[in-house]
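If you count by mature numbering (1 follows the signal peptide of the UniProt record, and there is no 0), then the sequence shown holds residues -25 to -1, 1 to 142, one letter each, in order.
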Amino acid sequence: MNWSDFYKSLFLLGFFSIQTNAGEGVKIATWGSVEQSSTHSDWYAQKALDGVKSTCTHTDLESNAWWKLDLMKAYNVNRVTITNRNGCCSDRINGAEIRIGNNSSNVFSNPVCAVVSTIPEGATYSYPCYGMKGRYVSVDLPGPTAQHLTLCEVEVYEEEDLCEDET
Ligand SMILES: *[C@@H]1O[C@H](CO)[C@@H](O)[C@H](O)[C@H]1NC(C)=O
Ligand SMILES: *[C@@H]1O[C@H](CO)[C@@H](O)[C@H](O)[C@H]1NC(C)=O
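Put into structure tokens, the structure is as follows:
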């Protein structure tokens, strides 16, 4: 194995570290390829995927702010959880859309799984997606009003498919 293969396998190990949570699906993408429409200060897109609920993402003040996770292949998504920020501004998450689909260049064209009405400060809410299939999971604040999108953690759970065949 050369160094490049070695690092590649480390990446895959990290990316596909899987946790089984009986009855709730299989957690995928504990870290992965993430992006957001803009980044305020050091509130990077990765901070929604670092397993630490006290570190958060933050876009600039803009219309149609979004955050996007690339799962590298399409999965049937069982549910998505979002952890809201603590301390202030918990109402900024109101109206956020969770989308799952295959369009990387325009997440707004991907189907909506759920719309967040409200999440209390620091709380984690779970949204069922009933097996919607797609490579990209995104969260956005739609519309012309300039808003900040902040996410402290996003978790994606795959449907358990015990009889998957690879034919
Ligand atoms: C995304 O692509 C997969 C095939 O790779 C397909 O099964 C799935 O239906 C697509 N999702 C959407 C929302 O079009
Ligand atoms: C993604 O969305 C854009 C804009 O809606 C569209 O022009 C493009 O064809 C889409 N790409 C794919 C792969 O569906």
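Cβ atoms here follow ideal geometry from the backbone N, Cα and C, with glycine treated the same way. These figures come from a predicted structure and were not determined experimentally.
Which listed residue (A98, G106, L46) has its alpha carbon closest to that of V87: G106
- request: Report all residues from its chain with a CB closer than 7 angstroms to the CB of S101; omit the five preceding and five following residues, and keep chain order.
  value: R54, T56
query: Cβ-heavy atom distance between N78 and ligand 1 below 6 angstroms?
result: no
task: Identify whether A23 lies in helix, strand or coil by the three-state DSSP scheme.
output: helix
task: Would you mind listing the alpha helix (DSSP H) stretches within the stretch 72 to 116 that are 4+ residues and don't spill past its ends, in chain order?
output: none
Alpha carbon of A(-4) to alpha carbon of Q122, nearest angstrom: The predicted model places A(-4) with a pLDDT of 42, which falls under 50 and marks its position as unreliable; any figure quoted below should be read in that light. Using only the alpha carbons, I get a separation of about 37 angstroms.
message: In the DSSP output, what is L44 paired with across the bridge?
response: V9, V112
query: Does the separation of the CB atoms of Y50 and S79 fall below 7 angstroms?
result: no
query: In the DSSP assignment, what are the bridge partners of R54?
result: P103, Y132
Whether C104 touches R60 by CB criterion (7 angstroms): no
query: S84: beta carbon under 6 angstroms from a heavy atom of ligand 2?
result: yes
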